Each structure stands twice: as structure tokens, then as C-alpha cells.
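Right, one structure below, let's go through it.
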Amino acid sequence: MISLFQQMIARLTQGEAVVLCSIIAASGSVPRGAGAKMAVFPDGSFCGTIGGGRVEYCAVQKALEVHNTGCDAQESFLLHPNQVQDIGMVCGGEVTVFFQRFDPENGETISLLRHILSRLQRNCGCWLIMVIEAGKVTEFGTWDDETGLLGIQCIDEAMLLPHLSGRSVRLAGEPVIYIEPLSQRGIVYIFGGGHVGRALCPVLASVGFRVCVVENRPGLCEAERFPGAMAVLRDDCKDILKTIPITKDDYVAIMTPGHADDRNILDQVLWTPARYIGVIGSRKKIAVTNAWLLERGHDPESLKRVTTPIGLPIQAQTPEEIAISIAAQLIAHRAAKQEVT
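Sequence positions in the sequence shown follow our numbering and run 3 to 343.
Next up, the structure:
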């Protein structure tokens, strides 16, 4: 998502128009749901994806029409079983795509896109809001938990707040109000920058997590070792509650090279409201660690917050495989939280 908005801003500042293709509704079995985006440029090139296949090809052609007409458009693609083969997809359902043209001469819109990009690059919850009347976007703005409502005049903020969740919402009526989460608060703190931590960081970043790596070993704290990390901290983790502000929105993955370090960090993070705590290790290590934590004053209920061994049970062996298993577990945890938001 960051790359998409970066490329949109770059093209607009170079004097080119951009058509943003956004799935605003989806039903049935479809490759991408509401919120998937693709930016199409006048030369037919694009970035992002709304699912690939024939639908994406048709969407690019429609976007080029919008470039020519200068008018926003909306189109639904039906993927019923008897149409699947014709449209070149392997699933059945329906997606509705909105095609929104951005004019390079509209400085206010470019400023808003820069604002969105700044929200995506920091630990901030941000939602995109589109007001659609007669098939055209009449207002385009955001709400974020630092700035509040921006760029929207026709919506009362108090009415908007109940609809700010982890899922896209389309409020029917005239006008149609479309609300989409762009970013959510929450950082994954990886304690340990060894082989698994190094493999895990770029995987998590690639699927939309903000990642902070915490390491104290010389030679393992360089930021270039962790592509995609928002921060790499050198910290001995002796007083985490003072140095690292772990909140209820954050995830913790503990994978230091020593059992003693793991349990000392776990002892501290259990006093935080972290939404997820995972520790790498064997079942024997778990039993020993739990007994030690009980002696330290933690109650049995608090120990149930800990996921260990960390990651989904996919028989992972290598650091890269273990990273995939952990990332998959965090994706599942994030999705489950969004369902009940």
C-alpha cells in the first residue's frame, strides 16, 4: 500500500493523471476483497492489484477509458460458476470496482495523498472515506486517530466513528459512504535479531505489519540487516516497561539465543497489555519457563496469553520456514481480531 501511494504521488507531481481502481464490495469466492487497490497510469502501466486474471485486465481497460473521459466510473464483475471460465477466473462471486480519476492539477488531492502516505509510514490508525454521488466521488478524505476527520464536509464525525473497524464498510443510500481501513495501530516487536528474526522481519513487513527489532548483540543491530523494519533498537531488555512502550495493539515475538533471556523478556512483557505474545522453543522449555513464571508471581490465567511454540504447526525447519509459520499465525490473529472489531 505504501508503494502504491508513493507511485501515485510521483506520477501526479510529474503532471500525469492517475486512476485509482478500488474494490468497494465483494461477495462469494473472489481473489481479493474490499479494499484491494490498483493505480493505472495513462500509458497503461499500473501498480498494486485487485486480484489478477481477466478481471484485472478488464479493469485496466476501463481505467484507460476513465483517463480519456475524465469521469469516475463504477463497474461490477460477476463471477458466477457459468461465467468463471469466460472471465478467466477460478472462483465464483462478484466484485464491484470504483474507478476514481486524480487530476495532477488538484493540489488539495495531492496533499491528501501525502497525508495518507505519512499515516501509513507511522504507527497510526487511518481510514479512507469516499462520498459517492451519482457515480462520482464528490468528497475524498480520511479519518485518523491523530488528525481526526480531514477532507470531508458532509459527514458528522460522531456518525462516522462507529463504522471505523478493521473491515471496509459501504453505507447504502444517497450519497453512498465508503469507509476503508488503510492502517491500524500496532507494532510487532521481535526480540532477537538472529536467523529467525532476520527472516521474519521482511515477511511481516510485506504483509502490512509494522516491525521493530530489538537486539543487543554487536553486529546484529544494523538496520540494513532487517529490510522493512520501521525501527531497530539496541536494548539489553533489562527494563522493557521503561524503554519500550508496548500497548494493547502490539504483538511480541520472543526469539533470543538463550532460554534465560527469553524467559526474562517474557516475565516483563506479561505485565503489558500486548494483544499477542509468542515465544520460540520446545515443549520442555515451555514447562520449565511456566514453572519459573509462576514463582515470579504470574497467575496461571496470564500464562494462557502466551503462544508457544510460536507459529503454525507446519513442520517448519529452516529459519525461513519458521518465519513463514509465525507470519501466518500473526495474519490469522490479526484477521480474527478484525472480525470482532
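Each residue gets a CB set at the ideal place from its N, CA and C atoms; glycine is no exception.
No experiment lies behind these values; they were computed from the predicted model shown.
Between ALA338 and PRO229, the alpha-carbon positions lie close to 27 Å from each other.
The DSSP assignment places complete alpha helix (DSSP H) segments of no fewer than 4 residues inside the region 50-138 at 55-71, 83-89, 109-122, in order along the chain. The alpha carbon of GLN317 has as its nearest neighbour, out of SER327, ILE154, THR309, GLU159, the alpha carbon of SER327. Per DSSP, the beta-bridge partners of GLU182 are LEU130. The C-beta of GLY195 has 16 or more other C-beta atoms within 10 Å across all chains shown, which makes the residue buried. Residue burial is scored here from C-beta neighbours: ARG336 has at least 16 other C-beta atoms within 10 angstroms and is therefore classed as buried. Spanning the alpha carbons of VAL213 and LEU235 requires a straight line of approximately 11 Å. In this structure, CYS126 and SER185 form a Cβ contact; the two beta carbons are roughly 6 Å apart against a cut-off of 8 Å.
With distances taken between CA atoms, GLN123 lies nearest to ASP146 out of GLU323, VAL216, GLY95, ASP146.
Scanning the region 170-227 from its first residue to its last, the whole beta strand (DSSP E) runs of 3-plus residues come out as 171-173, 178-185, 189-193, 212-217. Apart from sequence neighbours up to five positions away, the residues of its chain that approach VAL198 with a beta-carbon distance below 7 Å are MET257, ILE282, PRO321, ILE324, ALA325, ordered along the chain.
Taking C-alpha positions only, GLU182 is separated from ARG298 by approximately 44 Å. Selection HIS261, TRP294, ALA255, VAL68 evaluated against GLY280 yields ALA255 as nearest (Cα-Cα). In the assembly as shown, GLY188 is a buried residue. Its beta-carbon has 16 or more other beta-carbons within 10 Å. DSSP places ILE267 in the uninterrupted alpha helix (DSSP H) bounded by 261-271.
Closest in C-alpha terms to VAL216, from the list ASP238, ALA207, LEU202, comes ASP238. Taking C-alpha positions only, ARG265 is separated from ARG56 by approximately 51 Å. If you check the CB distance, ILE112 and LEU173 do not come in under 7 Å. When the Cα atoms are used, ILE154 and VAL178 turn out to be separated by approximately 13 Å.
Counting every other CB atom within 10 Å of its CB across the protein chains shown gives LYS244 a total below 16, marking it as exposed. DSSP, reduced to helix, strand and coil, places LEU314 outside both helices and strands of the structure shown, so it counts as coil.
ILE25 is classed as buried because its beta carbon has at least 16 other beta carbons within 10 Å across all chains shown. In this structure, the straight-line span from the alpha carbon of CYS49 to that of GLN16 is close to 16 Å. Looking at the DSSP output, TRP145 sits in a beta bridge with TRP129, LEU151.
The beta carbons of GLY53 and SER170 sit no closer together than 7 Å.
If you draw a straight line from the Cα of GLY260 to the Cα of ILE267, it is about 11 Å long.
DSSP, reduced to helix, strand and coil, places SER304 within a helical segment of the structure shown.
For VAL290, the enclosing alpha helix (DSSP H) begins and ends at 285-297. Boundaries for LEU235: no alpha helix (DSSP H) harbours it, while the beta strand (DSSP E) harbouring it runs 233-236, taken from the DSSP string. Assigned with DSSP and collapsed to three states, ALA28 falls in strand. With fewer than 16 other Cβ atoms from the protein chains shown falling within 10 Å of its own Cβ, ALA289 counts as exposed. Boundaries for LYS244: no beta strand (DSSP E) harbours it, while the alpha helix (DSSP H) harbouring it runs 242-245, taken from the DSSP string.
Looking at the DSSP output, ILE279 sits in a beta bridge with VAL254, VAL308. In the three-state DSSP reduction, LEU22 falls in the strand class (E or B). The alpha-carbon of LEU6 is positioned some 8 Å away from that of MET40.
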